[in-house]
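Residue numbers (the numbering used here), protein chains in the order written: chain A, 5 to 174; chain B, 716 to 1017.
Glycine residues also receive a C-beta, built at the ideal position from the N, C-alpha and C atoms.
Remember, predicted model here, so these are calculated numbers, not experimental data.
Here is the structure:
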């Protein structure tokens, strides 16, 4: 249960750029898996998760600009309106960068509640854009925001373990 | 980590808020331009070259699964399938020869009546990569693009009928809008009585609707709708949908008619893209007798 305690002042080795890029590519890959029907509604937005993680943990290197670029790639991959994901990820990154000090003080449970707010904002953008384009609001869009939030803790633990493993190996 | 609240040791560029405003405005601008004018298709194509390897990779697990399943078929299953296919082939061959003689006859009759010939087209098979990520759009991405001479607006069908239309072409993949996409329209004709109308997608997975049909129109449950071909996009005579429900309410000017698509719009993995459709004859330019337009205008004012 050590992970659930407030994040220890343990010194984490800086992350390599390759690791960050690879994680974003893997997230794009996971988003592109053939999800269908109910699973598509429930699909967490992996790219958003990973971008939020890097925005809160390495805010000096991954910030709003890179998130915007990732959003453009997501737009092309999803064949959605150009700028829709870019706008959502920009807001997401802003939330992450502004809250990063607070999030690093919290334990994973507290982080999850904060992250839910940020994701709600992100998914709110999708809902708004969809409403503007097609004239009706689809609330089931917001389900993905819950699943994304639920994945925050596992993702954090995984990345923490991976970063620690790198330290031990060296 | 230094604390930027007091004073800044390092120059870190614009503040988060400034960046936020910049990128939000940029995104909004892009969305506006994309939704209104559609200027960005070429840059979308360029970016898709970056993304499409990942997308191709993402379809690999499912593909491998299918291939593994295909590898472990039994001899007996193959023999049975072969037998039923041969039987079907024989049956179809008989019908095909009949069709050929009918085509010949039709051509002759059309020649006699000096009507333009019916169009013939060729088809190339494509495989579906995946369905659109957005739950509320009915679109597919298929594994052929500009490299295989896919063009915008080409018709996509399966063995049962019309599935959709190519709406975006990237270098290696292209996007197909299904006929069930909201507000997607196909000009059709009722087989039973030749009534011409337009069938619209309802935005639902498997629903189409006939709008603007008067309450008294001659449409019955079970009527089959085929493409009328008068739009120059869809070739004539391909099955599209079947009428399943008609609500005639005298309070409304139009009947509410729902149809089901005949093609497996959300079922197959392989589809056909039709090509070489002859273009429609150019629209004759209106030749009004001199002064006719003026007359009509003054007549309207009176």
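query	result
If contact means a Cβ-Cβ distance below 9 Å, which residues of the stretch 730 to 748 of chain B contact chain A?	731, 732, 734, 735, 737, 738, 739, 741, 742, 743, 744, 745, 746, 747 and 748
Look up residue 1010 of chain B in the DSSP assignment and say whether it is helix, strand or coil.	Because residue 1010 of chain B sits at a pLDDT of 45, beneath the cut-off of 50, its placement in the model cannot be relied upon, and the following sentence gives the value as read from the coordinates. Helix, per DSSP.
Would DSSP call residue 1018 of chain B helix, strand or coil?	With chain B represented from 716 up to 1017, any question about residue 1018 of chain B goes unanswered, as that position is not in the structure.
Roughly how many angstroms lie between the CA atoms of residue 759 of chain B and residue 80 of chain A, to the nearest whole one?	6 Å
With a 10 Å radius around its C-beta and 16 neighbouring C-beta atoms as the bar for buried, classify residue 55 of chain A as buried or exposed.	buried
Would you identify the three-state DSSP class for residue 3 of chain A, choosing helix, strand or coil?	Residue 3 of chain A is absent from the model: chain A starts at 5 and stops at 174.
Output needed in chain order: residues of the stretch 98 to 126 of chain A with a Cβ under 7 Å from some Cβ in chain B.	98, 101 and 102
Judging by CA-CA distance, which residue of A:83, A:85, A:92 and A:84 is the nearest neighbour of residue 70 of chain A?	A:92
Can you check whether the C-beta of residue 58 of chain A is within less than 8 Å of a C-beta belonging to chain B?	no
Hey, residue 179 of chain A and residue 116 of chain A: beta-carbon distance below 8 Å or not?	Not covered by the structure: residue 179 of chain A. The range shown for chain A is 5 to 174.
What separation, rounded to the nearest whole angstrom, lies between the Cα atoms of residue 918 of chain B and residue 64 of chain A?	44 Å
Across which residues does DSSP place residue 915 of chain B in a beta bridge pair?	B:900 and B:924
Are the beta-carbon atoms belonging to residue 28 of chain A and residue 74 of chain A less than 8 Å from one another?	yes
Who are the Cβ neighbours of residue 975 of chain B in its own chain at under 8 Å, not counting the five residues just before and after it?	921, 922, 923, 956, 957 and 959
Taking 6 Å as the limit between beta carbons, can you name the residues of its chain near residue 885 of chain B, skipping five residues before and five after?	760, 763 and 860
Could you tell me which residues DSSP puts in a beta bridge with residue 934 of chain B?	Answer by DSSP bridge pairing: none, since residue 934 of chain B is not bridged.
For chain B, is any of its Cβ atoms less than 8 Å away from the one on residue 138 of chain A?	yes
State yes or no: is the C-beta of residue 123 of chain A within less than 8 Å of the C-beta of residue 52 of chain A?	yes
Based on Cα-Cα distance, which residue from A:166, A:19 and A:60 lies nearest to residue 109 of chain A?	A:60
Provide the residue(s) that pair with residue 842 of chain B in DSSP beta bridges, ordered along the chain.	B:985
Determine, using beta-carbon pairs with one atom in the stretch 43 to 51 of chain A and one in the stretch 142 to 157 of chain A, whether at least three such pairs fall under 8 Å.	yes
Ignore the nearest five residues each way along the sequence and tell me which others in residue 67 of chain A's own chain have a CB closer than 7 Å to its CB.	59, 97 and 101
What residues in the stretch 765 to 776 of chain B have a beta carbon less than 8 Å from any beta carbon of chain A?	765, 766, 769, 770, 772, 773, 774 and 776
Do you know how far the Cα of residue 30 of chain A is from the Cα of residue 21 of chain A?	14 Å
Which residues in the same chain have their Cβ closer than 8 Å to the Cβ of residue 888 of chain B, if we skip the five residues on either side of it in sequence?	763, 767, 770, 844, 856, 857, 858, 859 and 860
Span of the alpha helix (DSSP H) holding residue 939 of chain B?	Element bounds for residue 939 of chain B: not the alpha helix (DSSP H) but the beta strand (DSSP E), 939 to 942.
What residues of chain B sit near residue 24 of chain A, judged by a beta carbon separation below 7 Å?	Neighbours of residue 24 of chain A on chain B: none; closest Cβ ~16 Å, over 7 Å.
Cα separation between residue 879 of chain B and residue 750 of chain B?	21 Å
May I ask you to report which of helix, strand or coil DSSP gives residue 97 of chain A?	helix
Taking only three categories from DSSP, how would you classify residue 835 of chain B?	coil
Can you pull out the residues from the stretch 47 to 76 of chain A whose beta carbon lies closer than 9 Å to at least one beta carbon of chain B?	47, 63, 64, 67, 68, 69, 71, 72, 75 and 76
Kindly indicate if chain B contains any beta-carbon less than 8 Å away from that of residue 6 of chain A.	The predicted model places residue 6 of chain A with a pLDDT of 46, which falls under 50 and marks its position as unreliable, so this point remains unresolved.
Since residue 869 of chain B and residue 988 of chain B should fall inside the 8 Å C-beta cutoff, what is the C-beta to C-beta distance between them, to a whole number of angstroms?	5 Å
If we define contact as Cβ-Cβ less than 8 Å, is residue 755 of chain B a contact residue for chain A?	yes
Which of the residues in the stretch 884 to 896 of chain B, read from start to end, lie with their CB under 8 Å from any CB of chain A?	890
Round the Cβ separation of residue 156 of chain A and residue 129 of chain A to the nearest angstrom and send it over; I've been treating them as touching at under 8 Å.	Actually they are not in contact, since the Cβ atoms of residue 156 of chain A and residue 129 of chain A sit about 19 Å apart, beyond 8 Å.
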